[in-house]
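Colleague: Under numbering that gives the first Met the number 0, the letters of the sequence shown match residues 0 to 242, in that order.
All residues carry an ideal CB built from backbone N, CA and C; glycine is no exception.
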Amino acid sequence: MPKKIIVANWKMNPSTVDEAENLLDNVLQGINVGRNEVIICPPFLYLPRIKEALDYKEKEGVVLGAQNAYLQNKGAFTGEISPLMLKHVGVEYVILGHSERRKHFFETDQMINKKIKACLENGLKVVFCIGETDEEQVAGEKEKVLTQQIQKGLLDITDFKNIIVAYEPVWAIGTGNSCSIQETKNSVDFIRKLVNNKTRVLYGGSVNKDNAKEYVKEGKVDGFVVGGESLIPENFIHLVNSL
Ligand code: PGA
0 MPKKIIVANW KMNPSTVDEA ENLLDNVLQG INVGRNEVII CPPFLYLPRI KEALDYKEKE
60 GVVLGAQNAY LQNKGAFTGE ISPLMLKHVG VEYVILGHSE RRKHFFETDQ MINKKIKACL
120 ENGLKVVFCI GETDEEQVAG EKEKVLTQQI QKGLLDITDF KNIIVAYEPV WAIGTGNSCS
180 IQETKNSVDF IRKLVNNKTR VLYGGSVNKD NAKEYVKEGK VDGFVVGGES LIPENFIHLV
240 NSL
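1. What first and last residue would you give for the alpha helix (DSSP H) that runs through Tyr55?
2. If contacts are defined as beta-carbon pairs under 8 Å, then Gln66 and Asn21 qualify, I think. What distance do you get, rounded to the angstrom?
3. Considering only the alpha carbon of each residue, which of Ile5, Val32, Leu238, Lys160 lies closest to Asn210?
4. Since Val194 and Gly218 are thought to touch, with beta carbons under 8 Å apart, how far apart are those beta carbons, to the nearest angstrom?
5. Over what stretch of residues does the alpha helix (DSSP H) that includes Asn234 continue unbroken?
6. What residues in its chain sit with their C-beta under 7 Å from that of Gly89, if we drop five residues either side in the sequence?
7. Check whether the Cβ of Val289 sits closer than 8 Å to any heavy atom of the ligand PGA, and report yes or no.
8. Please state whether DSSP places Asn246 in a helix, a strand or coil.
9. Can you give the Cα-Cα distance for Gly74 and Pro82, rounded to whole angstroms?
10. Should Arg199 and Val224 be called a contact, given that it needs their Cβ atoms to be closer than 9 Å?
11. Can you tell me whether Glu106 sits near the ligand PGA, meaning its C-beta is under 8 Å from at least one heavy atom of the ligand?
12. Please report the residue range of the alpha helix (DSSP H) in which Gly29 lies.
13. Over what stretch of residues does the alpha helix (DSSP H) that includes Lys216 continue unbroken?
14. Let me make sure I understand the geometry here. Which of Asn196, Asp158, Ala68, Lys10 has the alpha-carbon closest to that of Glu91?
15. Closer than 8 Å: is that where the CB of Gly173 sits relative to any heavy atom of the ligand PGA?
16. Whose C-beta lies closer than 8 Å to the C-beta of Ile30 among residues of the same chain, with five residues either side of it excluded?
17. Between which two residues does the beta strand (DSSP E) holding Val225 run?
18. May I ask you to list the residues that DSSP assigns as paired with Ile129?
19. Using only alpha-carbon positions, find the residue among Ile190, Glu228, Lys86 that is nearest to Gln147.
20. Closer than 7 Å by C-beta to Asn12: which residues in its own chain qualify, once you throw out the five before and the five after it? Chain order, please.
21. For Val224, would you say it is in contact with chain B, using Cβ-to-Cβ distances shorter than 9 Å as the test?
22. Does Leu153 come out as helix, strand or coil in the three-state DSSP assignment?
23. So, under 8 Å CB-CB, Lys3 and Asn25 are touching, yes? Tell me the CB distance rounded to an integer number of Å.
24. So what does DSSP say about Ile180, is it helix, strand or coil?
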């Protein structure tokens, strides 16, 4: 079976760096990554400490990711973190285009496109998230939305080697209402055509320890972006070990 990629998106959790290190320790004790790859994406502040812990534990196949990056490398951008800074603390992957950033921080396809380019230029790999909202789905606009997000987000990018696309229907994120296997398969196939089969395509949205395997087997996804379930060590371990 080809390699699967599992992105643990911790979002703005946990509340202290000690808890974050504990969470990582607990996960590392139980996971059996095999040929797959697990990307741990803690909040920015915890990146150096989590990197240190990862290096110390030397767990093959577990690497560091960030949840965002700015679109420039330096300058007067109060509060932002650059791709170069991320690279220097040992980050390998960056999640970009997540629906929470699009919604709460007004990130547009154009901004996301610039961020993707900035990350690639700095030697980072990108997990590029796309997906339709509930209203868009009900209005039958899913394919139109996915097409636009791909076209605008990946505009002028020709080398897809370091890009992974994650299909994350917004209505499925954090709701417990995961996308059906068949619908996921259809969307993932649709995305693969849009990118000429040049990237892996992950699924994200209420993935849990019990449903993950089926998405791989029947839905043919290349892996997952996991939010809530990645914060519960025993469940995340079960999820990873089931693949
Ligand atoms: P969830 O989040 O697994 O909690 O639905 C997924 C995500 O936001 O990427």
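Modeller: The relevant details are as follows:
1. Looking up residue 55 in the sequence shown gives position 56. Here the alpha helix (DSSP H) through Tyr55 covers 46 to 56.
2. Start at 1 with the first residue of the sequence shown, and residue 66 comes out as number 67. Start at 1 with the first residue of the sequence shown, and residue 21 comes out as number 22. Not confirmed; about 19 Å, so no contact.
3. Here residue 210 refers to the residue found at position 211 of the sequence shown. The candidate whose alpha carbon is nearest that of Asn210 is Leu238.
4. In the sequence shown, counting from the first residue as 1, residue 194 sits at position 195. In the sequence shown, counting from the first residue as 1, residue 218 sits at position 219. Actually they do not touch by this definition, with Cβ atoms about 17 Å apart.
5. Looking up residue 234 in the sequence shown gives position 235. Here the alpha helix (DSSP H) through Asn234 covers 232 to 240.
6. Here residue 89 corresponds to residue number 90 of the sequence shown, with the count starting at 1. Counting only Cβ-Cβ distances below 7 Å, and skipping sequence neighbours, we find Lys50, Leu63.
7. Here the chain covers residues 0 to 242 and nothing more, so residue 289 does not appear.
8. Since the first residue shown for the chain is 0 and the last is 242, residue 246 is missing from the structure and cannot be characterised.
9. The residue labelled residue 74 in the question sits at position 75 within the sequence shown. The residue labelled residue 82 in the question sits at position 83 within the sequence shown. So the alpha carbons of these two residues sit roughly 13 Å apart.
10. Counting from 1 along the sequence shown, the entry for residue 199 is found at position 200. Counting from 1 along the sequence shown, the entry for residue 224 is found at position 225. The answer is no: Cβ separation not under 9 Å.
11. Counting from one through the sequence shown, the residue named residue 106 turns up at place 107. Glu106: no, Cβ never under 8 Å from the ligand PGA.
12. As a working mapping, residue 29 is identified with position 30 in the sequence shown. Gly29 -> alpha helix (DSSP H) spans 16 to 29.
13. The count along the sequence shown starts at 1 and reaches residue 216 at position 217. Counting along the chain, the alpha helix (DSSP H) containing Lys216 begins and ends at 211 to 216.
14. Residue mapping note: residue 91 aligns to position 92 of the sequence shown, counting from 1. Considering only Asn196, Asp158, Ala68, Lys10, the residue with the shortest C-alpha distance to Glu91 is Ala68.
15. Sequence index remark: in the sequence shown, residue 173 carries index 174 (1-based). With a threshold of 8 Å, the Cβ atom of Gly173 counts as near the ligand PGA, since some heavy atom of the ligand is closer than that.
16. In the sequence shown, residue 30 corresponds to position 31, counting from 1. The beta carbon of Ile30 sits closer than 8 Å to the beta carbons of Val37, Lys58, Val61, Phe235, Ile236, Val239, Asn240 from its chain, once the five residues preceding and following it are set aside; these are given in chain order.
17. Mapped onto the sequence shown, residue 225 falls at position 226. Per DSSP, Val225 belongs to the beta strand (DSSP E) from 222 to 225.
18. In the sequence shown, residue 129 corresponds to position 130, counting from 1. Ile129 is bridged to Tyr166.
19. Position 148 of the sequence shown, counted from the start, is the residue given in the question as residue 147. Of the residues Ile190, Glu228, Lys86, the one whose Cα lies closest to the Cα of Gln147 is Ile190.
20. Looking up residue 12 in the sequence shown gives position 13. For Asn12, the CB contacts under 7 Å within the same chain, skipping 5 residues up- and downstream, are Leu230 in chain order.
21. In the displayed structure, chain B is absent; only one protein chain is listed.
22. The count along the sequence shown starts at 1 and reaches residue 153 at position 154. Residue state, collapsed to three classes: coil.
23. Along the sequence shown, read from residue 1 onward, the residue named residue 3 stands at position 4. Along the sequence shown, read from residue 1 onward, the residue named residue 25 stands at position 26. Approximately 21 Å separates the beta-carbon atoms of Lys3 and Asn25; this is outside 8 Å, ruling out the contact.
24. Start at 1 with the first residue of the sequence shown, and residue 180 comes out as number 181. In this structure, Ile180 counts as helix in the three-state DSSP scheme.
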